[in-house]
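Visitor: Residue numbers (my numbering): 20 to 197.
Structure below.
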């Protein structure tokens with residue numbers, strides 16, 4: 020006897036957008052982010068989208084399950100335009116209330132900070148659960164632009180420096196509480 024099993028309620032799945040700053044100061048965090056995308060992509064009921072950004076946004080979602088493929092496709096360098104990455108993800112979200120958005124950055128915004136803060140507020144108002152992840156250096160220590168990170172947090176996106184296990188716990192808590 021054979022059985023075919025599928026999830027009957029695909030609409031209950033969560034979407035996770037991982038927006039990763041790949042400017043020159045972010046090399047260690049890019050490695051952590053690639054590993055995290057692969058780990059989170061293995062969770063049931065979670066679809067992972069991965070976009071690398073500097074002054075341009077490159078969607079690498081098709082490679083999110085393979086950290087090596089991600090790392091081979093990413094070019095480190097350039098400036099930082101967080102607002103552009105936020106707009107990119109927002110335009111592609113289909114279920115904001117079932118979307119987690121993680122921005123990995125040192126929050127040294129190269130564009131107008133007001134635009135970035137406006138994008139954060141719009142996402143939060145749409146029901147997106149947002150978290151800013153401070154950059155980690157090659158020793159795992161956080162480094163970020165404190166003043167802009169504080170403004171991002173005040174706009175509705177808490178900013179934290181989390182190790183991969185802590186991040187996985189944060190994601191599980193958000194999905195579990197919905």
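Positions of the beta carbon are idealized from the N, C-alpha and C atoms, including for glycine.
A quick note: this is a predicted structure, and the numbers were derived from the prediction, not measured.
(1) Would you mind sorting residue 182 into buried or exposed? The rule is 16 or more other CB atoms within 10 Å of its CB.
(2) In terms of DSSP beta bridges, what is residue 154 paired with?
(3) What residues match up with residue 67 in a beta bridge as DSSP calls it?
(4) May I ask you to list the residues that DSSP assigns as paired with residue 123?
(5) At the level of alpha carbons, what is the spacing between residue 151 and residue 118?
(6) Let me check understanding here. Comparing Cα to Cα, which of 192, 136, 155 lies closest to residue 167?
(7) Can you give me the C-alpha to C-alpha distance between residue 109 and residue 159, rounded to a whole angstrom?
(8) Is it buried or exposed, residue 114, if we count other Cβ atoms within 10 angstroms and call 16 or more buried?
(9) State the Cα-Cα distance for the pair residue 24 and residue 133, rounded to the nearest angstrom.
(10) Cutting at 7 Å between CB atoms, please list the residues of its own chain near residue 149, excluding the five before and the five after it.
(11) Quick check: what's the CA-CA separation for residue 27 versus residue 194?
(12) Can you list, in chain order, the residues of its chain with a C-beta nearer than 7 Å to that of residue 98? Leave out the 5 residues immediately preceding and following it.
(13) What residues in its chain sit with their C-beta under 8 Å from that of residue 106, if we drop five residues either side in the sequence?
(14) Which term fits residue 196, buried or exposed, when burial requires 16 or more other beta carbons within 10 angstroms of its beta carbon?
Guide: Working from what's here:
(1) Exposed, by the Cβ-count rule.
(2) Under the DSSP definition of a beta bridge, residue 154 partners with 162.
(3) Bridge partners of residue 67: 35.
(4) Answer by DSSP bridge pairing, in chain order: 39, 152.
(5) Distance between the alpha carbons of residue 151 and residue 118: 14 Å.
(6) Of the listed residues, the one whose Cα sits closest to residue 167 is 136.
(7) Taking the straight line from one Cα to the other gives about 29 Å.
(8) Flag for residue 114 reads exposed.
(9) Its pLDDT being 49, under 50, residue 24 is placed unreliably in this model, and the value from its coordinates should be taken loosely. Cα to Cα, the separation comes out at about 48 Å.
(10) For residue 149, the CB contacts under 7 Å within the same chain, skipping 5 residues up- and downstream, are 120, 139, 142, 143, 175, 176 in chain order.
(11) Because residue 27 carries a pLDDT of 44, less than 50, the predicted location of this residue cannot be relied on, and no value is offered for it.
(12) Taken in chain order, the residues that qualify are 42, 73, 74, 129.
(13) Excluding its 5 nearest sequence neighbours in each direction, residue 106 has C-beta neighbours in its own chain below 8 Å: 138, listed in chain order.
(14) The residue is exposed, with fewer than 16 neighbouring Cβ atoms inside 10 Å.
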